[in-house]
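Below you'll find the structure, written out as structure tokens, and then a few comments.
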Amino acid sequence: MENNRNFFLTIALSVVILTLWQVFYMNPRIEAQRETARIQAEEQASQQAAQTPAPDMAGGGDATMPQAGTAGTVPGAQAAAQAEQAVRVSIDTPSLSGSINTIGARLDELVLKDYRVSVNPDSDRIQLLYPSSANPGYFAELGYAGSDATGAVPGPDTVWTVEGEPVLSPGNPVMLTFTNDKGLTFQRSFAVDEHYMFTVEDTITNASGAAVSLPAYGRVTRFNKPDTRSVYVLHEGLIGVTGEEGLQEIGYSSIEEDKRVVPGKSTNGWLGMTDKYWAVTMIPQSGLTFQPRFAYFDDGRTRYQADFLTDPVEIADGASANVKTQIFAGAKEVNEINAYKDKFQIREFDLMIDWGWFYFITKPMFWLIDHLYKLLGNFGLAILATTVIVKLIFFPLANKSYVSMAKMKTVQPKMMEIRDTYADDKMRQQQEMMELYKREKINPIAGCWPILLQIPVFFSLYKVLYVTIEMRHAPFYGWINDLSAPDPTSLFNLFGLLPYDVPSFLMIGVWPLIMGVTMFLQMRMNPTPPDPTQAMIFTWMPVVFTFMMAAFPAGLIIYWAWNNTLSIIQQAVIMKRQGAKIELWDNLKGVFTRNKPAE
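Residues in the sequence shown are numbered from 284 upward in steps of one, following this note's numbering.
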């Protein structure tokens, strides 16, 4: 039947799209396993000798910058002497804990209080930043490019003096000072809000007896890239929005090949590094011209770096100047990111979250789910409610599709008559079919729309589940304790009753099975096609989908199962109203019974 042929073509198209999505955009390992492996690898890594390369900044005019791995290295005796002078400035906020190293005034120890390695409430909290001496070695640093005229200026090796109590908290900034041999005094104020934004403001007083020019730099440096395989569905690596280029997304492998990516100069924007759920970025002072750069260094200890160097700040003798930089270091919470963008007028700061090409669908999808979550208190319930709302939005189109499908069933006898009458004249057969469709006001491809409409919604929901931290470790009910990870149960060990682990490709959990059953029932709402090939596809398609989608996030499977259930109910009601026969029960009987052989 023509309607069934179109239906199967649509199913086949869906399989192709979902398979490509699985191969090229799907992370084959669940996120909980990836995060656990990464943190365990970091915790077990041996500590390396302290090695702190200098910034090696681009540009800077006549400023003299120490080269990476030479003047910036702190060897044995000097490192020990500095360690005795160093004082750690503690960080204590509702969202963060950690410390600032007074050698270099470096933000290099940061723990996220609200996030843990796994769904186990006793697991370790996520540590975002590490000192350069640690194997992960991930930090943010601000300084200046000096010259003979300026003398020693703040850099990686500078030992700052802490004024007052060395505890940084919201409403309680910490002041650091440094005075060099030329009479330049640097006062650095560190402030932090209740979430993830640090504000670093330098006041430079010139008592050197002559005017000076000081370019300022900032860098986010990482010695190890994440110990997980990146996926195409989102960007992880170096990132920034600056100059005319706008958004720059540079992967680790790409920068390893190119070594340097130097966009044009800018007077606003931000740059840094992003992981799936966390980011560390710097926002230079708006209006101050700076040269952004993304770089990879393989001299000695390899490292990745996003940095900037400002045009020289001119300070007359006896005068002072202020330079302010903000540092975002924390979780990429959607509402907080948007709030920072609006409050501080940070250019396109929301692009830190990779909404993808279909952001115009994905962002509204997240907005809807997030608001329903605030109302219902559970993201799983929010997904179910979202499915109902999406169904209502597309109800007019879906209703027309199902009505057309029902009419197709009522005219089946006429269609069979045309085929029998013009069995030897395919062209005349098609002409008569088209006349029948026109006379009965039937759209033969109407059956495709209910499935095609699910595809963009499916992709956008997948993106929301995969990239937004709000969905990370979000529980549903029962055994589902993380909607962003696959169903943890498996049919092949009787859902945990048998004492052995199941390979990942056999992790067919309860919810994928429920989804497969609902898909099977939905397909059985239509007559079994007479063509044996189509009938085989009709029978095995739910099984294929069940295996293929079992590795997808549980929240997506729950959506698909609930959506299928609503579609079955909707189609049954419409078919009954149109007087069309509901084939479900006859088809189910046909599956479990065999025709007696002819005598």
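Don't be surprised by glycine CBs; every beta carbon is placed ideally from N, CA and C.
Values in this document were obtained by computation on a predicted structure and should not be read as measured data.
Same chain only: Cβ atoms within 6 Å of residue i, ignoring 5 sequence neighbours per side
| i | result |
| --- | --- |
| L530 | V524 and L634 |
| R263 | The structure shown does not extend to residue 263, since the chain is modelled only from 284 to 882, so the question has no answer here. |
| L517 | D637 and V750 |
| A499 | Y427, T593 and V606 |
| W650 | none |
Simplified DSSP assignment, three categories, for residue i
| i | result |
| --- | --- |
| V503 | strand |
| L789 | helix |
| Q305 | Note that Q305 has pLDDT 48, beneath the 50 cutoff, so the model's placement of it is unreliable and the number below is only indicative. DSSP places Q305 in helix when its eight states are reduced to three. |
| I865 | coil |
| Y623 | helix |
| A362 | The pLDDT assigned to A362 is 48, lower than 50, so where the model puts this residue is not dependable; a value taken from the coordinates is nonetheless given after this. Note: A362 maps to helix in three-state DSSP. |
| N455 | strand |
| D703 | helix |
| E532 | strand |
| K709 | helix |
| R408 | strand |
| Y413 | strand |
| E314 | For E314, the predicted model reports a pLDDT of 46, less than 50, meaning its position is unreliable; a value from the coordinates is still stated below. E314 falls in the helix class under three-state DSSP. |
| Y427 | strand |
| I566 | strand |
| V524 | strand |
| W561 | strand |
| I383 | strand |
| G555 | strand |
| E446 | strand |
| V402 | coil |
| V544 | strand |
| F461 | strand |
Exposure of residue i, with buried meaning 16 or more beta-carbon neighbours within 10 Å
| i | result |
| --- | --- |
| W640 | exposed |
| D485 | buried |
| F788 | exposed |
| S415 | buried |
| K508 | buried |
| Y277 | Only positions 284 to 882 of the chain appear in this structure, which leaves residue 277 out of reach. |
| Y783 | exposed |
| I386 | buried |
| I533 | buried |
| L412 | buried |
| F678 | exposed |
| T585 | exposed |
| A562 | buried |
| A602 | exposed |
| V826 | exposed |
Run of the beta strand (DSSP E) containing residue i, from where it starts to where it stops
| i | result |
| --- | --- |
| N551 | Here N551 belongs to no beta strand (DSSP E), and DSSP marks it neither H nor E. |
| N418 | Careful: N418 lies outside any beta strand (DSSP E) and carries neither H nor E. |
| P575 | F573 to F580 |
| Y587 | R586 to T593 |
| T482 | M480 to N489 |
| K396 | R389 to R399 |
| T751 | Run containing T751: none; DSSP gives neither H nor E here. |
| Q470 | L467 to V475 |
| G613 | S603 to A614 |
| V596 | V596 to I598 |
Proximal residues to residue i (C-beta, below 8 Å), its chain only, five neighbours per side dropped
| i | result |
| --- | --- |
| K859 | I865 |
| Y623 | M480, F611, I629 and F632 |
| W794 | I763, D770, A837, I840, I841 and A844 |
Proximal residues to residue i (C-beta, below 7 Å), its chain only, five neighbours per side dropped
| i | result |
| --- | --- |
| H478 | S378, G613 and E619 |
| N682 | I857 |
| I313 | With a pLDDT of 42 at I313, under the threshold of 50, the predicted position of this residue should be treated as unreliable, and no value is reported. |
| T785 | Checking the displayed sequence, the identity of residue 785 turns out to be Val instead of Thr. Same-chain partners within the cutoff: S773, F775 and N776. |
| E597 | A494 and S496 |
| P546 | T525, G526, E528, Q531 and P575 |
First through last residue of the alpha helix (DSSP H) which encompasses residue i
| i | result |
| --- | --- |
| Q854 | A837 to R860 |
| G663 | F662 to I676 |
| D375 | Careful: D375 lies outside any alpha helix (DSSP H), inside the beta strand (DSSP E) at R371 to D375. |
| L497 | Careful: L497 lies outside any alpha helix (DSSP H), inside the beta strand (DSSP E) at V495 to L497. |
| K657 | Y642 to L659 |
The ligand ZN heavy atom lying under 8 Å from the CB of residue i
| i | result |
| --- | --- |
| V445 | The ligand ZN is not part of this structure, which contains no ligands at all. |
| Counting pairs of Cβ atoms below 8 Å between the segment 749-758 and the segment 643-663, do you hit three or more? | By the Cβ criterion, the segment 749-758 is in contact with the segment 643-663, since at least three pairs of Cβ atoms, one from each stretch, lie closer than 8 Å.
Would you call the segment 693-709 in contact with the segment 592-608, where contact means no fewer than 3 C-beta pairs closer than 8 Å?
Contact between the segment 693-709 and the segment 592-608 is absent, with fewer than three C-beta pairs closer than 8 Å.
Could you check whether the segment 388-398 touches the segment 419-432, counting it as contact only if at least three pairs of C-beta atoms, one from each stretch, sit closer than 8 Å? With three or more CB-CB distances shorter than 8 Å, the segment 388-398 counts as touching the segment 419-432.
**Prompt:** Can you find at least 3 beta carbon pairs, one from the segment 483-500 and one from the segment 462-470, that sit closer than 8 Å?
**Reply:** When C-beta atoms of the segment 483-500 are compared with those of the segment 462-470, three or more pairs fall below 8 Å, so the two segments count as touching.
* Asked: Does the segment 823-831 come close enough to the segment 788-802 that 3 or more CB-CB pairs lie under 8 Å?
  -> Taking one beta carbon from each stretch, the segment 788-802 and the segment 823-831 have 3 or more pairs nearer than 8 Å; the two touch.
| query | Per the contact definition of three or more C-beta pairs closer than 8 Å, is the segment 467-478 in contact with the segment 400-418? | reply | Cβ pair count under 8 Å is below three, so no.
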